[in-house]
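Student: In our numbering, the protein residues as written are -16 to 387.
Note that the Cβ used here is the ideal one computed from N, Cα and C, for glycine as well.
Before I ask anything, let me first share the structure, which is written out below as structure tokens.
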Ligand SMILES: [Zn+2]
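Have a look at this one:
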């Protein structure tokens, strides 16, 4: 088989993961983007990268396999030296109609231990810090709410207080006067206790969540948390600890182009919306709630990081090449964004960015010599590719690369 010429851009064939929470029908975000007229199952995540679970494909071969035989041309020396063999990141477009599970991702050391002990639930040994950038508005739970707000919620939602028990409620209330460090330790103990209770007190969990949904329906206060509680309680009518997590975690809405970075061990859930997501190349998830799947309470309670009210929000800054860049504290990835709002095509100096780059077209076209990528197409620029490209009027794309 002739090898692709890595000095040129190449289109990748990328698969869409179907999960129950994805969007259905021809109006789904991913159906519109990829031009799928009759999607049969919910469209949840477009995976762009070389993760062995579903690698993107070029000339009938997975990108992971291409990298194995052409590592230097595709990844480049600097990337290989820094991250070893393989693509250091995984790039996705995620489209959620229903909430995803509340989850957190282990650190590198934790992932190594978890994968060795339980490879079924932890499929690789890598960490998975991630950035999520809203394409339209995104509703999400991101990190912890402040202790004072959590105590307010306990005052306002008696069923939550009833389930937690007077001792834990009192512990949180008394913590208000303590240092942040002590508050966080107590909050972590009570949050962990909430999960332990959810496993030993299943009947009480069901009755408290059912009662609370009935009361909130009558109260009809229009608050986002109330709306989500009512909606999710219908979905998890047998009781799910994630329903109560709504009152411990920070409810956020992100506007288009606004991002958030999630480091290891910070709990989060995307509730609804379409996002660009980039992460270290891993699929390790510790699930905490809003899921029929395995909830690993022991791991969760060991690794969860409690920091109050500490949203790590991200805005792109000028990348000096006519677009914007989201830089994060890890080096496995950074995300660039271009949108041509001018009246003529613009030159994009992609040759200035080294390393293996993957980009996804959201609108318009991106061209160079004999190459043209259009809406919904995904392009690999190997390290060896030094082409600059032109973006059409109204054209828009996101690009991921390692920081190397
Ligand atoms: Zn996540």
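Compute the beta-carbon to beta-carbon distance between residue -13 and residue 42, rounded to the nearest angstrom, for a pair I have assumed lies under 8 Å.
Tutor: Along the chain shown, one-based indexing puts residue -13 at 4. Along the chain shown, one-based indexing puts residue 42 at 59. Indeed, because the Cβ distance is near 6 Å, the residues count as touching under 8 Å.
Student: Which residues mark the beginning and the end of the beta strand (DSSP E) in which residue 35 is found?
Tutor: Translated into the one-based positions of the chain shown, residue 35 becomes position 52. Residue 35 -> no beta strand (DSSP E), and no H or E assigned at all.
Student: Consider the C-beta atom of residue 251 and the heavy atoms of ligand 1; say whether any pair is separated by less than 7 Å.
Tutor: Taking the chain shown and counting its residues from 1, the one referred to as residue 251 is at position 268. Yes, the beta carbon of residue 251 sits closer than 7 Å to at least one heavy atom of ligand 1.
Student: Taking the straight line between their C-alpha atoms, what separation do you get for residue 206 and residue 11?
Tutor: Stepping through the chain shown from its first residue, residue 206 is reached at position 223. Stepping through the chain shown from its first residue, residue 11 is reached at position 28. Going by the C-alpha atoms only, they are around 26 Å apart.
Student: Assign residue 134 to one of three DSSP states: helix, strand, or coil.
Tutor: In the chain shown, counting from the first residue as 1, residue 134 sits at position 151. It is helical.
Student: I'd like to check one pair, residue 330 with residue 57: are the Cβ atoms closer than 8 Å?
Tutor: In the chain shown, counting from the first residue as 1, residue 57 sits at position 74. In the chain shown, counting from the first residue as 1, residue 330 sits at position 347. Not a contact, by the Cβ cut-off of 8 Å.
Student: So, at 8 Å on beta carbons, what are the nonlocal neighbours of residue 376 in its own chain, with the 5 sequence-adjacent residues on each side left out?
Tutor: Sequence index remark: in the chain shown, residue 376 carries index 393 (1-based). Around residue 376: 323, 325, 326, 327, 328, 347.
Student: Can you find a heavy atom of ligand 1 that lies under 7 Å from the Cβ of residue 88?
Tutor: Locating residue 88 in the chain shown gives position 105, counting from the first residue. Correct: residue 88 has its Cβ closer than 7 Å to ligand 1.
Student: Over what stretch of residues does the alpha helix (DSSP H) that includes residue 161 continue unbroken?
Tutor: To locate residue 161, count along the chain shown from 1; it is residue 178. Taken as a continuous stretch (DSSP letters only), residue 161 belongs to no alpha helix (DSSP H), as it is neither H nor E.
Student: Consult DSSP for residue 202 and reduce its assignment to one of helix, strand or coil.
Tutor: Locating residue 202 in the chain shown gives position 219, where the first residue counts as 1. Helix.
Student: In chain order, which continuous runs of the beta strand (DSSP E) of length 3 or greater are located wholly inside the stretch -16 to 32?
Tutor: Within the stretch -16 to 32, the complete beta strand (DSSP E) segments at least 3 residues long are -7 to -5, 28 to 31, listed from N- to C-terminus.
Student: Between which two residues does the alpha helix (DSSP H) harbouring residue 144 extend?
Tutor: For the purposes of this step, residue 144 is taken as the residue at position 161 of the chain shown. That run of the alpha helix (DSSP H) goes 141 to 147.
Student: Please classify residue 301: is it buried, with 16 or more other beta-carbons within 10 angstroms of its beta-carbon, or exposed?
Tutor: Looking up residue 301 in the chain shown gives position 318. Its Cβ having fewer than 16 others within 10 Å, residue 301 is exposed.
Student: Taking the alpha helix (DSSP H) that residue 55 belongs to, which residues open and close that run?
Tutor: Indexing the chain shown from 1 puts residue 55 at position 72. Where residue 55 is concerned, the enclosing alpha helix (DSSP H) stretches over 54 to 58.
Student: In the structure shown, what three-state DSSP assignment does residue 259 receive?
Tutor: Residue numbering aside, residue 259 sits at position 276 when the chain shown is read from its first letter. Strand, per DSSP.
Student: Any idea what DSSP makes of residue 81, helix, strand or coil?
Tutor: In the chain shown, the residue the question calls residue 81 occupies position 98. The answer is coil: DSSP assigns residue 81 none of H, G, I, E or B.
Student: How should residue 20 be labelled, buried or exposed, when 16 other C-beta atoms within 10 angstroms of its C-beta is the threshold for buried?
Tutor: As a working note, residue 20 is residue 37 in the chain shown. By the 16-neighbour rule on beta-carbons within 10 angstroms, residue 20 is exposed.
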